[in-house]
Each structure stands twice: as structure tokens, then as C-alpha cells.
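Read in order, the letters of the sequence shown are residues -22 to -1, 1 to 102 in mature numbering (1 follows the signal peptide of the UniProt record, and there is no 0).
Beta carbons: idealized from backbone N, C-alpha and C, even for Gly.
Encoded as C-alpha cells, the structure appears first; notes follow it.
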Amino acid sequence: MKALYVLFAAASLALVAPSARATTPGTDDPTETARKATAREKVAAAAKAAKAAKAVKKSSAYRFYKFKAGLNHSMLVLLGLEDSKAITSPAKRDRQLHIHQKHLKTKAKLEAKARRRRTTHLFG
């Protein structure tokens, strides 16, 4: 039994040793090794943070908070104390319209200038 164990250990070392040697880089540059280790740590930290964020969103407390916030907003809309998110308020709509009209006016002026520049040589 002991001989079988020794044979098994020697065979596993023989199989593992070449693959370990093949994966190590030929140059032992300490800065490169440190850079790679830092990169691995950053990736691991990002994965851990993403997993934690996902866990928070799946938690019942977070889902209840979102439900409660939505219900609260719905009640305020129903009471007329807050505007619905689907409806644009008249003041905001007027402001958007004014900005759009101003933009169109400026664009028309620039196009007219460009047209005059292109056609002045035909008349003069």
C-alpha cells in the first residue's frame, strides 16, 4: 500500500512539474510580476463589488424600499401634490419649445449666411 502511495505521489509530481514550469514566464521581472498581481487584485475587487451590488438589489429590503417609494410617488400624484413622471409639466414643455424654436432660428440664420456666401459671386 505504501509503495502504491509513493508511486502515485511521484507520478503526480512528474505530471505537475512540467506544466508549472511552462506557465511561469521566462523572465523574472519583479515590476511585471507586481503589475500582474495588482491587475489580478483589481479584477477580483471589481468582481466582488459587482456581486455585492447584485446581492443588494436582490435583497428583500431593497425591493421593499423601491416598492414603498413607488407607492409613495403614486399617492402624491393621486393627491395632486406631484406631477406624474409620464407627463411633462406645462412650464417645462414651454421651456423645451422655446429652446427648440431658438435652435431652429439660429440654424436658419447660419444656413442663410452660408447660402449668401455661396451665391454672391453669381450676382456680383
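Contact check for Ser67 and Asp61: beta-carbon distance about 5 Å, within the 8 Å limit, so the pair qualifies. DSSP places Gly58 outside both helix and strand once states are collapsed to three, so it counts as coil. In the structure shown, Ile77 falls within a helical segment according to DSSP collapsed to helix, strand and coil. In this structure, Tyr40 sits near Val34, with a CB-CB distance shorter than 8 Å.
Residue state for Ser37 is assigned as coil, using DSSP reduced to three classes.
In this structure, DSSP gives Ser67 a state outside helix and strand, which the three-state scheme calls coil. Between the alpha carbons of Arg95 and Glu89 lies a gap of roughly 10 Å. Rounded to whole angstroms, the gap between the alpha carbons of Phe45 and Lys36 is 13 Å.
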